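> Those letters in the sequence shown? Residues 2 to 593, per my numbering, in order.
Backbone N, C-alpha and C fix where the C-beta goes; we use that ideal spot for every residue, glycine too.
Here the structure is a predicted model, which means the values were calculated and not measured.
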Amino acid sequence: MGISNIVSVLLLLVLLSLSSNNIKGVKAFHHVYENLQSQSVESVDHLHRTAFHFQPPKHWINDPNGPVYYKGFYHLFYQYNTKGAVWGNIVWAHSVSKDLVNWEALEHALYPSKWFDIKGTWSGSITIVPGKGPVILYTGVNQNETQIQNYAIPKDPSDPYLRKWIKPDDNPLVMPDYTMNGSAFRDPTTAWFSKDGHWRTVVGSKRKHRGIAYIYRSRDFKHWVKAKHPVHSKESTGMWECPDFFPVSTTDFQNGLDLDYTGSNTKHVLKVSLDITRFEYYTVGKYDPKKEKYVPNGDTPDGWDGLRFDYGNFYASKTFFDYKKNRRILWGWANESDTVEDDISKGWAGLQVIPRTVLLDANKKQLVFWPIEEIESLRSNYVRMNNKNIKMGQRLEVKGITPAQADVEVTFNVGQCLEKAEEFDQSYTFKPLDLCKIKGSNVTGGVGPFGLITLATPDLEEYTPVFFRVFKDTSTDKPKVLMCSDARPSSLKQDRGPLKQDRMYKPSFAGFVDVDLSDGRISLRSLIDHSVVESFGALGKTVITSRVYPLKAVKGNAHLYVFNNGTQTVNIESLDAWSMEKPLQMMNNGAL
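(1) Please return the same chain residues whose Cβ sits closer than 6 Å to the Cβ of V42, not counting the five positions on each side in sequence.
(2) Around the C-beta of N63, are 16 or more other C-beta atoms found within 10 angstroms, so that it is buried, or is it exposed?
(3) Are there 16 or more other CB atoms within 10 angstroms of the CB of Y179, so buried, or fewer, so exposed?
(4) Quick check: what's the CA-CA separation for I213 versus K207?
(5) Which first and last residues belong to the alpha helix (DSSP H) in which D435 is found?
(6) Would you mind working out which of D46, D344, F222 sits nearest P131, comparing C-alpha positions?
(7) Which stretch, first to last residue, makes up the alpha helix (DSSP H) that contains I345?
(8) In chain order, what residues of the same chain have a beta carbon less than 7 Å from the beta carbon of N1, not counting five sequence neighbours either side?
(9) From A407 to I376, what distance separates their C-alpha atoms?
(10) For a minimum of 3 consecutive residues, which ranges assigned as the beta strand (DSSP E) are wholly contained in the segment 137 to 208?
(11) Expressed to the nearest angstrom, what Euclidean distance is found between the alpha-carbon atoms of N22 and K501?
(12) Buried or exposed: I330, going by 16 or more other Cβ atoms within 10 Å of its Cβ?
(13) DSSP state of E582, grouped into three classes?
(14) Rounding to the nearest angstrom, what Cα-Cα distance links E242 and R548 in this structure?
(15) Cα-Cα, which of F246, W305, V467 is closest to Y215?
(16) Along the chain, where does the beta strand (DSSP E) that runs through N1 open and close?
(17) Could you have a look at G521 and say whether DSSP puts it in helix, strand or coil?
(18) Buried or exposed: which applies to K72, given that a residue is buried once 16 or more other Cβ atoms fall within 10 Å of its Cβ?
(19) Alpha carbon to alpha carbon, how far is V533 from S492?
(20) Among the candidates M393, G401, I391, whose CA atom is the shortest distance from the CA of R385?
(21) Please report the residue range of the beta strand (DSSP E) in which R489 lies.
(22) If we count Cβ pairs, one from each stretch, closer than 8 Å, do we get three or more for the segment 281 to 291 versus the segment 516 to 526?
(23) Pull up the CB-CB distance for M240 and D289, whole angstroms please, since I reckon it's below 8 Å.
(24) Thinking W579 and N382 are a contact (beta carbons under 8 Å), I'd like their distance in whole angstroms, please.
(25) Taking R396 as part of the beta strand (DSSP E), name the residues at either end of that continuous run.
(26) Restricting to runs no shorter than 3 residues, where is the beta strand (DSSP E) found entirely within the segment 70 to 108?
(27) In this structure, does DSSP put K556 in helix, strand or coil?
(28) Which parts of the segment 204 to 271 are runs of the beta strand (DSSP E), unbroken and 3 residues or longer, counting only runs that do not cross its ends?
(29) Should K165 be labelled buried (16 or more other beta-carbon atoms within 10 Å of its own) or exposed?
(30) Note down the Cα distance separating F413 from G351, rounded to an integer number of angstroms.
(31) Let me make sure I understand the geometry here. Which of S476, E398, S442 has the alpha-carbon closest to that of Y429?
(32) Taking the alpha-carbon positions, what's the F451 to N566 distance?
(33) Apart from the five residues on each side of it in sequence, which residues of its chain come closer than 6 Å, Cβ to Cβ, to E582?
(34) Have a look at the DSSP bridge pairing and note the partners of R497.
(35) Quick one: is N145 buried, meaning 16 or more other Cβ sit within 10 Å of its Cβ, or exposed?
(36) Please return the same chain residues whose Cβ sits closer than 8 Å to the Cβ of Q395, not counting the five positions on each side in sequence.
Printed below as a string of structure tokens:
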């Protein structure tokens, strides 16, 4: 083995160790606390519970499964522990909504009950099959811990609520063959119908350290055949969980596409969730339906350093096509970042981020994401700033709203001072999050750091800054923009002990923003909801979600500021901020 290969293997082993120790996850690399899986509390702690995000009244939630629009209702299925606030006892919970804001919980759709899923009803998707109605494809785990692909159908397809589901006895649909890893074969995607008369779906897997997306086809949605080759794979990426594969338009940047759309004006997106790193990445490329192969464009890395839907606490995401409004919508799971003991004592863990629209950016190299318009129905008290200059070291408070439960949009103008931006050192080998650690919100630069200080105390004992820093990239002679959401100063809470599970996870999440600053403008929007801050840079080119748990900057004691710690004055061209109300109905009858 060559030196480079030895180094690659050692790096992979190190990252495997870091991932399994530092980040709470699910499935193969999640922490299993068998003695805690069924430990519940009589009443939940509401201090850090969100007001307008989707989460059950109590217990653990993870992957969103098979969101779909059917007969006037949006349906969301999700992995849920019926008995406790850690992963375990997983069922497919089910809620419905008419507007993606107000939700009603129904009885669980799926739970382990038959030989083909007795050890688990794991993630999957829903496909509307003409003549049959909705069909769930999901991963079941049998007595031997083998992961197999099953289906379920509604007892009454005419019921818009889809209350009852049946798992037919002719399951499973697909079992791993002798060439495959039966313990790493899961999460079938929504299927699409092709011109050749076949349905197709993608299932995630791995072979040694290579991530794999297998493609299966069927004429009748029951008998499935694996394609000769994977639709795509990549070395040294590990298990590919929760794959998502969908088309985007290269000419219409306002509307989404259904899965079966074909045409020359399309590209495809392949997203995978990396079981090793607990991050996701995606590529944009071309899909050849005859060869059943996907080839990334090559504009961005195909691996751990690739583009992400969200550069923060975000995993196991799933998109669906909304026929009602002709758009593609993204759901994603944000896990807790506090300790397991905290989750047990407060009685709940996990939430779904605000649903986001998904479009191809006009540069055709990446996607852009934006909160669905329906969330704006929760806006109430409103304040505005216009044409305010912020000098070095200044911060302006945003008053007149509820800072712990808010929606704020701000446009900055730095056009007059770009020449003063600090040079981007080409010797930097840091990833964006490492650069953010070194050059945090209090480290003075030329143009930046500037942005928002969320969930803050007046003396900044606790605060979560979301900010930009502009560099001058001498290799391209263009600005290079770093966006950070830094949870390190977010809480005064002390760790419970020296072990990983006893310590809060307070990272400085970051990503570069591919933005044209020729007009000097860059925008930032943050949705703030007590223990979660979702931030959208440059109209959704870079998105970062952070989970935080302040002790003092909570509820009415939280403050919101705009700040600038760069040497150059930054102009607040406009700032619009709203208090956010609770939905009228959010799981009022509880997860059953």
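According to the structure shown:
(1) G348
(2) buried
(3) exposed
(4) 5 Å
(5) 433 to 439
(6) F222
(7) 341 to 347
(8) What the structure shows of the chain is the stretch from 2 to 593, and residue 1 is not part of that stretch, so it cannot be assessed.
(9) 11 Å
(10) 148 to 155, 200 to 208
(11) Per-residue confidence for N22 stands at a pLDDT of 32, beneath the threshold of 50, marking its modelled position as unreliable; the derived number appears in the next sentence. Their Cα atoms are separated by approximately 6 Å.
(12) buried
(13) coil
(14) 22 Å
(15) F246
(16) Since the displayed the chain opens at 2 and closes at 593, residue 1 lies outside it and no answer follows.
(17) coil
(18) exposed
(19) 13 Å
(20) G401
(21) Looking at the DSSP string, R489 is not in any beta strand (DSSP E), and its letter there is neither H nor E.
(22) no
(23) Contact flag wrong, Cβ pair sits at about 25 Å.
(24) 7 Å
(25) 395 to 398
(26) 74 to 82, 91 to 98
(27) helix
(28) 211 to 219, 233 to 235, 241 to 250
(29) exposed
(30) 33 Å
(31) S476
(32) 6 Å
(33) L379, S381
(34) The partner list for R497 (beta bridge, DSSP) is empty, contrary to what the question assumes.
(35) exposed
(36) F564, N565
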